[in-house]
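Residue numbers (the working numbering): 3 to 393.
C-beta: ideal position from N, C-alpha, C; glycine also.
Please read all numbers here as calculations on a predicted model, not as lab measurements.
Data block below; observations after.
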């Protein structure tokens, strides 16, 4: 039995943050029905869609029609969770807001994921991960002493998804004790701040640590290959000094703490740069590992997926997918015992499960055929044109 076995999720989300939040629940065993527009999630054209929507069933519905809204109402009446990431007020105008759906099912958990929150001066603005990266200081921080840098991994989206899934799990736990559902909310703005919780700290005399650290940075070895050195405390610094044959630096008062090494970076950095250029990367990584010093090669994701450490964790799953053929996705990122996690399965094609889900909520074959004929639903599962872009 999986942790969320029997939990039914109505997924009205699209793009990344909302979709990935619902997928995290599917990973834990929830039955997730992704309700898409007739032309699909706007991000279906991106390869990343396949990694944000695995383990779900898809139905294609025109939510601008009364009959389309009735389908969602039936799902919500029988469901445990509804998730949406529309702009504030849109779900309400469709008749699918928190109040309307929880009037039908008081035990329902209603999760809203927005860009800037449901209130405030930016509530009505569209927002995507890079917008919050730019606003929140993430790009400045990533740029370090140079120009701002766009983090290509959608970190704000992914962390906001985690907050959304966490909020749903907390609400489900509360429902077990109270019997009542509730509305939960998070946003990219909240996620961007939460990602910066360490940097958000401020007080008089706070030291400046966002600067070059000679023992916590990238280095280039003698063969031109890069690696990252992560000596995060004095114990590792002592091990590093010994491994490099620089024992005399261990007790040097200029380098006796993390902050002192920052202050004296101009004195220590040239020593380490020159030393690391004396051997190829493989030799340095082997030597550092032998001395229990954290370090890792800079490499592409494809190389990481072939790493023995990844292979040992069952983090690569493959499927035969009707649109793209042989499909590789990540495995389960959580291990839970004694309850078992399961392979959630591949992502759905558009409308792949429309007829199946409609039958489950009480529609007969004649009614399904009528909905299809009037273009209220689509169950053909036709894939949209796939772009060459990657995300």
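Note down the Cα distance separating residue i from residue j, rounded to an integer number of angstroms.
i	j	result
residue 63	residue 162	26 Å
residue 282	residue 230	14 Å
residue 114	residue 188	7 Å
residue 284	residue 316	26 Å
residue 167	residue 26	7 Å
residue 23	residue 351	19 Å
residue 97	residue 15	16 Å
residue 20	residue 142	26 Å
residue 271	residue 201	24 Å
residue 355	residue 71	17 Å
residue 110	residue 363	16 Å
residue 1	residue 310	There is simply no residue 1 to check, as the chain begins at 3 and stops at 393 in what is shown.
residue 120	residue 248	56 Å
residue 273	residue 149	27 Å
residue 245	residue 290	7 Å
residue 267	residue 211	12 Å
residue 377	residue 191	37 Å
residue 8	residue 69	27 Å
residue 379	residue 196	39 Å
residue 312	residue 252	34 Å
residue 4	residue 18	24 Å
residue 287	residue 224	12 Å
residue 308	residue 319	13 Å
residue 204	residue 264	19 Å
residue 49	residue 228	29 Å
residue 345	residue 334	7 Å
residue 255	residue 207	22 Å
residue 193	residue 165	7 Å
residue 385	residue 124	Summary for residue 385: the model assigns pLDDT 47, below 50, so the residue's position carries little reliability; its value from the coordinates is reported in the next sentence. Computed Cα separation, rounded: 35 Å.
Any idea what DSSP makes of residue i, helix, strand or coil?
i	result
residue 300	coil
residue 17	coil
residue 221	strand
residue 265	helix
residue 387	Any answer about residue 387 is weak, because its pLDDT of 40 lies below 50 and its placement is not dependable; what the coordinates show is given next. Coil.
residue 392	Residue placement at residue 392 is flagged as unreliable, the pLDDT there being 31, under the threshold of 50; a coordinate-derived value is accordingly withheld.
residue 98	coil
residue 160	helix
residue 351	coil
residue 250	helix
residue 359	helix
residue 231	strand
residue 322	strand
residue 141	helix
residue 7	coil
residue 328	strand
residue 312	helix
residue 2	A query on residue 2 cannot be resolved here, the shown segment of the chain reaching from 3 to 393 and no further.
residue 275	helix
residue 111	strand
residue 147	coil
Applying the criterion that 16 or more other CB atoms from any shown protein chain within 10 Å of the CB defines a buried residue, is residue i buried or exposed?
i	result
residue 36	buried
residue 337	exposed
residue 250	exposed
residue 128	exposed
residue 330	exposed
residue 28	buried
residue 51	buried
residue 155	exposed
residue 59	buried
residue 152	exposed
residue 275	exposed
residue 38	buried
residue 365	buried
residue 11	buried
residue 186	buried
residue 32	buried
residue 138	buried
residue 57	buried
residue 368	exposed
residue 199	exposed
residue 74	buried
- Message: Report the start-end ranges of each alpha helix (DSSP H) in the region 23-92 that is 4 residues or longer and not cut off at the edges.
- Response: Those alpha helix (DSSP H) runs which fall completely within the region 23-92 and span 4+ residues are 51-54, 68-80.
(Q) If contact is defined by three or more beta carbon pairs under 8 Å, each pair taking one atom from either stretch, is the region 37-45 in contact with the region 172-182? (A) Look at the beta carbons and you see the region 172-182 not touching the region 37-45: under three pairs across the two are nearer than 8 Å.
Quick check: the region 231-249 against the region 289-308, are there 3 or more CB pairs under 8 Å? Taking a contact to require three or more Cβ pairs closer than 8 Å, the region 231-249 and the region 289-308 qualify as touching.
Touch check for the region 83-101 and the region 114-131: three-plus C-beta pairs under 8 Å?
With a cut-off of 8 Å, the region 114-131 and the region 83-101 count as touching, because enough Cβ pairs lie within range.
4-residue-minimum alpha helix (DSSP H) runs that sit fully inside the region 176-228, ordered along the chain
Listed in chain order, they are 190-197.
* the region 215-235 touching the region 248-268, judged by at least three CB pairs closer than 8 Å -> Short answer: they touch.
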